[in-house]
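Take 4 as the starting number for the sequence shown in the numbering used here and just add one per residue.
C-beta: ideal position from N, C-alpha, C; glycine also.
Everything numeric in this text was worked out from a predicted model, so none of it was measured.
Worksheet: the structure to be examined is printed underneath.
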Amino acid sequence: LTRQLLNLTPLDEEITERNKMVSLIRSISESNPMMGLRGCRLGITWPEINEMQVKAIFQAACQLKKEGIDVKPEIMIPLVGVVEELLEVKTQLQKVAEEILKENKSDLKYKFGTMIEVPRAALVAGEIAQHADFFSFGTNDLTQMTFGYSRDDAEGKFIPVYLSKGILKKNPFEVLDKDGVGKLLKMAVKDGKTTNPDLECGICGEHGGEPSSIEFFHEIGLDYVSCSPYRIPIARVAAAQAQLKFRMKKS
4 LTRQLLNLTP LDEEITERNK MVSLIRSISE SNPMMGLRGC RLGITWPEIN
54 EMQVKAIFQA ACQLKKEGID VKPEIMIPLV GVVEELLEVK TQLQKVAEEI
104 LKENKSDLKY KFGTMIEVPR AALVAGEIAQ HADFFSFGTN DLTQMTFGYS
154 RDDAEGKFIP VYLSKGILKK NPFEVLDKDG VGKLLKMAVK DGKTTNPDLE
204 CGICGEHGGE PSSIEFFHEI GLDYVSCSPY RIPIARVAAA QAQLKFRMKK
254 S
């Protein structure tokens, strides 16, 4: 009796493909993702990811303009630590933007800026401001990197202990640390606007909805705050109060 055994060739091919996928997943997994391949680093390593997003943004913007809706795209490049990162990504994406505008025969105005969320970026903000139209301070990440705390781990483990022992007066992820993180912000705003007087500066993070933090942002010259939708009423009132206090001090 002669019987042919199962031909494993198709199965072998499937196993090979799956092994390739597993190998790729392992190659991009990281020990410390928070400080790994993300932000501008991802776009520099894989330019097509950024290009795809910017292409979609400008195609949509051009279409809206044709419909009579005035739009001004602002592209924010995240996690910049050295000015060369900003230049690399900005040059790459400006080319894509101009190609889309040319295809659509559009004179759409747009801006390129960056998030200041790495302490080094705050320290060299004057240099970075030469090539940015705006700064958005990512205070969540800036707090993490300045303190060396992982927010996901710290808030559930040792921050409550620190607060109970008086090591920390406030949770720095809820109320801005004015002595440390705030000092970096103040320095970056001053240096950035000295280099580029037209530089628009704001913050993006949970601190954008916290009253005492908003008052500090007003004092150092930020132009706006961005926060979670449910915090908007608080942010509006706090911003108004900060302005009134400023006027009273001035008078």
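Rounded distance between the beta-carbons of residue j and residue i, thought under 8 Å
i	j	result
Asn174	Ile162	6 Å
Leu111	Lys68	6 Å
Ala191	Phe138	7 Å
Ser229	Cys207	4 Å
Where the alpha helix (DSSP H) containing residue i begins and where it ends
i	result
Ser167	162-168
Ala114	This sequence places Lys at residue 114; Ala is not what is there. First-last for Lys114: 114-119, but that is the beta strand (DSSP E), not the alpha helix (DSSP H).
Gly129	128-131
Residues near residue i in its chain [Cβ-Cβ closer than 6 Å; skip 5 each side]
i	result
Phe61	Ala100, Ile103
Ala242	Ile217
With 16 other Cβ atoms within 10 Å as the buried cut-off, status of residue i
i	result
Tyr233	exposed
Cys148	The amino acid occupying residue 148 in the given sequence is Met; Cys does not appear at that position. Counting Cβ neighbours within 10 Å, Met148 comes out buried, since at least 16 surround it.
Glu120	buried
Lys108	exposed
Ile78	buried
Asp201	exposed
Asn53	buried
Thr94	exposed
Asn35	exposed
Contacts around residue i, its chain only, beta-carbon distance under 7 Å, and the 5 residues preceding and following it disregarded
i	result
Arg41	Leu82
Glu88	Cys43, Ile47
Phe249	His221
Ala64	Val74, Pro76, Leu111
Ser124	The residue you asked about is not Ser; residue 124 is Ala in the sequence shown. Only Val83, Gly84, Ile131 meet the Cβ criterion.
Neighbourhood of residue i by C-beta, 8 Å cutoff - its chain only, sequence neighbours within 5 removed
i	result
Val86	Val127, Glu130, Ile131, Gln133, His134
Gln97	Phe115
Gly185	Leu179, Phe219, Ile223
Glu158	Asn174, Phe176
Endpoints, the beta strand (DSSP E) within which residue i is located
i	result
Ile80	77-80
Start-end ranges of the alpha helix (DSSP H) lying completely within the segment 168-251, minimum 4 residues: For the segment 168-251, whole alpha helix (DSSP H) runs of length 4 or above, ordered along the chain, are 184-198, 214-223.
Those runs of the beta strand (DSSP E) which lie wholly inside the segment 28-94 and span at least 3 residues: Counting only runs of 3 or more, we get 77-80.
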